[in-house]
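Numbering (this note's numbering), first residue to last: 2 to 431.
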């Protein structure tokens with residue numbers, strides 16, 4: 002086999018491969034034998050018909066196509082190995098000339114990983130603003146615990162208040178029409194923690210039991226349903242029940258109920274420990290990011306647009322999945338934001354992700370940082386716990402999706418490189 006290599010812009014190499022006629026014929030004959038096993042030819046057992054008979058039944062071009070499918074992986078592997086190419090995606094055939102009895106000629110293009118030139122990535126010093134725990138964090142934590150243990154009692158002798166829980170009926174209208182899915186009977190709403198559109202819950206305060214009334218609201222301009230975005234609406238409402246929250250008393254009995262604490266002081270000490278750990282984790286995360294950002298500043302690399310486009314496609318798919326989890330569709334997002342606006346932001350994220358990935362891989366190679374079986378197992382266990390499955394079942398579940406295994410390996414490598422950078426650079430917390 003002879004090859005001719007030509008470097009093109011955007012980290013592409015053009016490869017011209019010439020396969021000797023004898024080898025090309027062998028590929029062709031083997032392909033004909035393989036295909037003959039899957040066709041019924043009168044007078045012959047499967048796989049036993051001569052080549053010319055097989056050609057008459059399935060065509061010469063079909064056999065050539067099968068021969069190429071068989072030959073290309075081996076040919077490309079040889080080209081990649083002999084030229085020490087670091088590829089980022091599978092090579093693709095641009096053209097071929099395949100005549101039986103003559104040398105076979107293939108023209109292909111291979112996309113290579115961009116050359117990354119690292120600047121200083123060890124011995125750096127970065128300053129990071131330390132996270133300051135809000136002064137009311139302790140009280141908010143206690144209040145949350147009390148809220149979680151709150152009970153409710155029915156109220157019949159007063160109007161609704163802003164911290165009540167109500168049970169009510171509502172029916173919405175906009176643009177002279179009833180709003181689809183804009184009505185409910187005996188709907189429970191916490192007036193102090195409402196996720197309804199702005200101004201809705203506030204107008205339910207000060208209302209008596211049993212009264213039928215109307216409220217006027219305006220949908221947000223960025224509302225996901227375009228025909229309602231920015232539109233005024235009227236809701237007919239009726240309060241059926243008013244419930245008042247009753248918080249437990251903060252005492253030793255409460256502390257014993259919510260955890261293994263003897264008294265309130267132990268409960269507060271545990272909360273403080275959590276807040277201290279939270280600060281430590283945030284400072285660590287911010288420090289790791291500051292170091293990596295500093296390292297990336299000194300990196301020189303020219304990334305081809307095709308890599309960014311492929312990463313953008315992945316981000317679009319991730320975005321679609323997030324929308325689905327939130328109860329929205331891709332079509333609704335397109336209608337509300339427009340394709341160009343969505344993809345513009347995703348492309349910017351994709352460019353950052355590609356560059357970061359290249360930098361991590363380069364540092365890993367320079368420092369001989371690799372992912373061990375134990376590292377991969379730890380990531381797999383983490384994923385198993387997230388989905389409440391044992392690792393063996395998780396492996397079976399993912400066996401048809403090798404991309405997930407690659408992603409887990411990359412996550413493990415990212416973490417090891419991040420740890421290396423943190424240990425080999427200095428952070429000053431301001």
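Just so it is clear, CB atoms sit at the ideal spot from N, CA and C, and this is done for glycine as well.
- Message: Taking the alpha-carbon of residue 229 as reference, which of 215, 179, 251 and 204 has the nearest alpha-carbon?
- Response: For the purposes of this step, residue 229 is taken as residue 228 along the chain shown, with counting starting at 1. It is 179.
- Query: Whole-angstrom Cβ separation of residue 192 and residue 240, contact assumed at under 8 Å?
  - Reply: The residue given as residue 192 occupies position 191 in the chain shown. The residue given as residue 240 occupies position 239 in the chain shown. A Cβ-Cβ distance of about 11 Å is found for the pair residue 192 and residue 240, leaving them out of contact under the 8 Å criterion.
- Message: Going by DSSP in three states, residue 421 sits in which element: helix, strand or coil?
- Response: Locating residue 421 in the chain shown gives position 420, counting from the first residue. Residue state for residue 421 is assigned as helix, using DSSP reduced to three classes.
- Message: Quick check on residue 173: does DSSP put it in helix, strand or coil?
- Response: On the chain shown, residue 173 is found 172 positions in, with the first residue counted as 1. Strand.
- Roughly how many whole angstroms lie between the Cα atoms of residue 195 and residue 160? Position 194 of the chain shown, counting from 1, holds the residue named residue 195. Position 159 of the chain shown, counting from 1, holds the residue named residue 160. When rounded, the distance between both Cα atoms is 18 Å.
- Please list, in chain order, all residues of the same chain as residue 396 whose beta carbon is under 8 Å from its beta carbon, the five residues on each side excluded. Here residue 396 refers to the residue found at position 395 of the chain shown. Excluding residues within five positions, the ones whose Cβ falls inside 8 Å are 381.
- At a cut of 8 Å, does the segment 247-267 reach the segment 373-388 through at least three beta carbon pairs? With a cut-off of 8 Å, the segment 373-388 and the segment 247-267 do not count as touching, because too few Cβ pairs lie within range.
- If you draw a straight line from the C-alpha of residue 186 to the C-alpha of residue 246, how long is it? On the chain shown, residue 186 is found 185 positions in, with the first residue counted as 1. On the chain shown, residue 246 is found 245 positions in, with the first residue counted as 1. It is roughly 22 Å from the alpha-carbon of residue 186 to the alpha-carbon of residue 246.
- Query: How many whole angstroms separate the CB atoms of residue 113 and residue 12, which I take to be in contact at a CB cut-off of 8 Å?
  - Reply: Counting from 1 along the chain shown, the entry for residue 113 is found at position 112. Counting from 1 along the chain shown, the entry for residue 12 is found at position 11. With a Cβ gap of about 5 Å, residue 113 and residue 12 count as contacting.
- Mapping DSSP to helix, strand and coil, what is residue 42? Position 41 of the chain shown, counted from the first residue, corresponds to residue 42. In this structure, DSSP gives residue 42 a state outside helix and strand, which the three-state scheme calls coil.
- Beta-carbon proximity list for residue 301, same chain, < 8 Å, skipping 5 on both sides: Counted from its first residue, the chain shown places residue 301 at position 300. The residues are 117, 118 and 120.
- What whole-angstrom Cβ distance do residue 280 and residue 132 have, given they're in contact under 8 Å? Counting from 1 along the chain shown, the entry for residue 280 is found at position 279. Counting from 1 along the chain shown, the entry for residue 132 is found at position 131. Taking a contact as a CB-CB distance under 8 Å, the pair residue 280 and residue 132 counts as one, their CB atoms being some 5 Å apart.
- Evaluate the contact criterion for the segment 199-209 versus the segment 259-269: three or more CB pairs, one atom per stretch, below 8 Å. Note that the segment 199-209 does not touch the segment 259-269; fewer than 3 beta-carbon pairs, one per stretch, sit closer than 8 Å.
- Item | Bridge partners - residue 198, DSSP secondary structure assignment | Here residue 198 is taken as the residue at index 197 of the chain shown, counted from 1. Looking at the DSSP assignment, residue 198 forms no beta bridge with any residue, so it has no partner.
- Between which two residues does the beta strand (DSSP E) harbouring residue 214 extend? The residue labelled residue 214 in the question sits at position 213 within the chain shown. Counting along the chain, the beta strand (DSSP E) containing residue 214 begins and ends at 213-219.
- For the 8 Å Cβ check, are there 3 or more pairs between the segment 16-23 and the segment 307-326? Contact between the segment 16-23 and the segment 307-326 is absent, because fewer than three Cβ pairs lie under 8 Å.
- May I ask which residues mark the beginning and end of the beta strand (DSSP E) holding residue 395? Against the chain shown, residue 395 aligns to sequence position 394. Here residue 395 belongs to no beta strand (DSSP E); instead the alpha helix (DSSP H) covers 392-399.
- How should residue 430 be labelled, buried or exposed, when 16 other C-beta atoms within 10 angstroms of its C-beta is the threshold for buried? Position 429 of the chain shown, counted from the start, is the residue given in the question as residue 430. Burial call: exposed.
- Residue interval of the beta strand (DSSP E) (run including residue 183): Translated into the one-based positions of the chain shown, residue 183 becomes position 182. 178-191 is the span of the beta strand (DSSP E), which, as asked, contains residue 183.
- Is the distance from the Cβ of residue 423 to the Cβ of residue 289 below 8 Å? In the chain shown, the residue the question calls residue 423 occupies position 422. In the chain shown, the residue the question calls residue 289 occupies position 288. Note that the C-beta distance between residue 423 and residue 289 is below 8 Å.
- Message: To the nearest angstrom, how far is the alpha carbon of residue 8 from that of residue 92?
- Response: By 1-based counting over the chain shown, the position of residue 8 is 7. By 1-based counting over the chain shown, the position of residue 92 is 91. Between residue 8 and residue 92, the C-alpha separation is close to 14 Å.
- Using the C-alpha atoms, what's the distance from residue 103 back to residue 59? The residue labelled residue 59 in the question sits at position 58 within the chain shown. The residue labelled residue 103 in the question sits at position 102 within the chain shown. Rounded to the nearest angstrom, the two C-alpha atoms are 22 Å apart.
- Could you give the distance in angstroms between the alpha-carbon of residue 226 and the alpha-carbon of residue 165? In the chain shown, residue 226 corresponds to position 225, counting from 1. In the chain shown, residue 165 corresponds to position 164, counting from 1. One alpha carbon belongs to residue 226, the other to residue 165, and they sit about 29 Å apart.
- Query: Would you call residue 100 buried or exposed, if buried means 16 or more other Cβ atoms sit within 10 Å of its Cβ?
  - Reply: If you number the chain shown from 1, residue 100 lands on position 99. Classification for residue 100: exposed.
- residue 389 versus residue 297 - alpha carbon distance: By 1-based counting over the chain shown, the position of residue 389 is 388. By 1-based counting over the chain shown, the position of residue 297 is 296. When rounded, the separation of the alpha-carbon atoms in residue 389 and residue 297 is 37 Å.
- Task: Kindly indicate the opening and closing residues of the alpha helix (DSSP H) around residue 316.
- Result: In the chain shown, counting from the first residue as 1, residue 316 sits at position 315. Where residue 316 is concerned, the enclosing alpha helix (DSSP H) starts and stops at 306-326.
- Query: What's the gap between the Cα of residue 198 and the Cα of residue 221?
  - Reply: Here residue 198 refers to the residue found at position 197 when the chain shown is read from its first residue. Here residue 221 refers to the residue found at position 220 when the chain shown is read from its first residue. Looking at the two C-alpha atoms, the distance is approximately 7 Å.
- Let me know the secondary structure DSSP gives residue 209 once reduced to three states. Here the question's residue 209 lines up with position 208 in the chain shown. When DSSP states are grouped into helix, strand and coil, residue 209 belongs to the coil group.
- Return the residue from the list 238, 232, 110 and 27 that minimises the CA-CA distance to residue 6. In the chain shown, counting from the first residue as 1, residue 6 sits at position 5. Cα-wise, what sits closest to residue 6 is 110.
- Query: CB residue 69 to CB residue 39, shorter than 8 Å?
  - Reply: Counted from its first residue, the chain shown places residue 69 at position 68. Counted from its first residue, the chain shown places residue 39 at position 38. No, the pair does not count as a contact, with Cβ atoms beyond the cut-off.
- Query: Buried or exposed: residue 214, going by 16 or more other Cβ atoms within 10 Å of its Cβ?
  - Reply: By 1-based counting over the chain shown, the position of residue 214 is 213. Classification for residue 214: exposed.
- Message: On the CB-based measure, 16 or more other CB atoms within 10 Å of its CB, does residue 359 come out buried or exposed?
- Response: Locating residue 359 in the chain shown gives position 358, counting from the first residue. Classification for residue 359: buried.
- Item | Contact belief for residue 372 with residue 413 at Cβ below 8 Å, rounded distance in angstroms | Locating residue 372 in the chain shown gives position 371, where the first residue counts as 1. Locating residue 413 in the chain shown gives position 412, where the first residue counts as 1. The Cβ separation is near 5 Å, so the contact holds.
- Message: With the cut-off set at 8 Å, would you say residue 316 and residue 143 are in Cβ contact?
- Response: Here residue 316 corresponds to residue number 315 of the chain shown, with the count starting at 1. Here residue 143 corresponds to residue number 142 of the chain shown, with the count starting at 1. Going by C-beta atoms, residue 316 is not nearer than 8 Å to residue 143.
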